[in-house]
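First up is the structure itself, then whatever we jot down about it.
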Amino acid sequence: MEEDILNNYLLWMMNKIFTDESLLSSYHLLCCKLNDIKFVCSIDKDENREQDAIDLRYLFGVENNINNAQICKELDIQRPTPSLFEVIVALIIRVQNNILDDIDDINLSNQEIFVDILKSLELDGLKNVEYFDMDTENYIYYVVNRLFNHDYEYNGQGGLFTVSNPQNDMRNTEIWYQCMWYINEKLGGKYL
0 MEEDILNNYL
10 LWMMNKIFTD
20 ESLLSSYHLL
30 CCKLNDIKFV
40 CSIDKDENRE
50 QDAIDLRYLF
60 GVENNINNAQ
70 ICKELDIQRP
80 TPSLFEVIVA
90 LIIRVQNNIL
100 DDIDDINLSN
110 QEIFVDILKS
120 LELDGLKNVE
130 YFDMDTENYI
140 YYVVNRLFNH
150 DYEYNGQGGL
160 FTVSNPQNDM
170 RNTEIWYQCM
180 WYINEKLGGK
190 YL
């Protein structure tokens, strides 16, 4: 049962992001890899993103008629630390539900935000890859370590979000504010 829930949860998260089936197929392997990597929280308040990822598991349970005890047993206990993919998906869903859904004339999709994150991380080139060789695996771990160590550019390039003119050094800024600066820039500075 555990494998079924883990697999169904992963597919459910992918379907929350991708509206284009071919793009989902193109990034499927990368999403799986990001789901195997534990999220590392190293800046104050980024633990909120971890909590969002845990909450995402229970949203999955609600939407799939799986009770909380089973989600706890088969997801929380088996995987106490959320994956990087879970954190990204939870963040995108939070932004969509708490910010973008309230703006009538904006059409910024979960898929577009996710692809922008991959571009910022410099992982977007891993589209349509059927398997990861050792060089690709090493590159992914290099990118993830750069992210977790905040060893990316001042403007966020190499991290989750890249912006043209950040209010502060992105390397010292919690993920939520990085995301807000990205959204503000995407919306032309009109809403946030």
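Note that this note's numbering has the sequence shown beginning at 0, numbered continuously upward. Backbone N, C-alpha and C fix where the C-beta goes; we use that ideal spot for every residue, glycine too.
(request) Can you give me the start and stop residues for the alpha helix (DSSP H) that Cys31 sits inside? (result) For Cys31, the uninterrupted alpha helix (DSSP H) segment begins and ends at Glu20 to Asn34.
(message) If you measure between the beta carbons of Val142 and Leu122, is that distance less than 7 Å?
(response) Pairing Val142 with Leu122 gives a Cβ-Cβ distance under 7 Å.
(request) Could you check what DSSP says for Ser108 in three-state terms: helix, strand or coil? (result) In the three-state scheme derived from DSSP, where H, G and I count as helix and E and B as strand, Ser108 is classed as coil.
(message) Give me, in chain order, the residues of the same chain whose beta-carbon lies closer than 7 Å to that of Ile36; leave out the 5 immediate sequence neighbours on both sides.
(response) Cβ within range, chain order: Ser82, Leu83 and Val143.
(request) Determine the contact status of Asp51 and Arg93, defining contact as a CB-CB distance below 7 Å. (result) Between Asp51 and Arg93, the C-beta gap is smaller than 7 Å, which places the two residues in contact.
(message) Please state the DSSP three-state secondary structure of Tyr37.
(response) In the sequence on display, residue 37 carries Lys and not Tyr. Looking at Lys37 - three-state DSSP - the assignment turns out to be strand.
(request) Could you spell out where the alpha helix (DSSP H) holding Lys126 opens and where it closes? (result) Here Lys126 belongs to no alpha helix (DSSP H), and DSSP marks it neither H nor E.
(message) Tell me the rounded alpha-carbon separation between Thr18 and Gln110.
(response) Counting only the Cα atoms, Gln110 lies some 7 Å from Thr18.
(request) Can you check DSSP and say which residues form a bridge with Ser82? (result) DSSP, once it has assigned bridges, lists Lys37 as partnering Ser82.
(request) Could you check the C-alpha separation between Val114 and Ile87 for me, to the nearest Å? (result) Distance between the alpha carbons of Val114 and Ile87 is about 11 Å.
(request) May I have the straight-line CA-CA distance separating Glu129 from Asp150, to the nearest angstrom? (result) Cα to Cα, the separation comes out at about 29 Å.
(message) My output table needs one value for Val88: the three-state DSSP class, helix, strand or coil.
(response) If DSSP states are grouped into helix, strand and coil, Val88 belongs with the helices.
(request) Could you say which of Cys31, Glu46 and Lys72 lies nearest to Asn6 if we only look at CA atoms? (result) Minimum Cα distance to Asn6 is reached at Cys31.
(request) Count the other C-beta atoms from every protein chain shown that fall within 10 angstroms of the C-beta of Met0, then say buried if there are 16 or more, exposed otherwise. (result) For Met0, the predicted structure reports a pLDDT of 44, less than 50, and the residue's modelled location is therefore unreliable. A value from the coordinates is still provided. Result: exposed.
(request) Starting from the Cα of Leu120, find the closest Cα among Asp75, Ile16, Asn167 and Leu146 and give me that residue. (result) Nearest option by C-alpha distance: Leu146.
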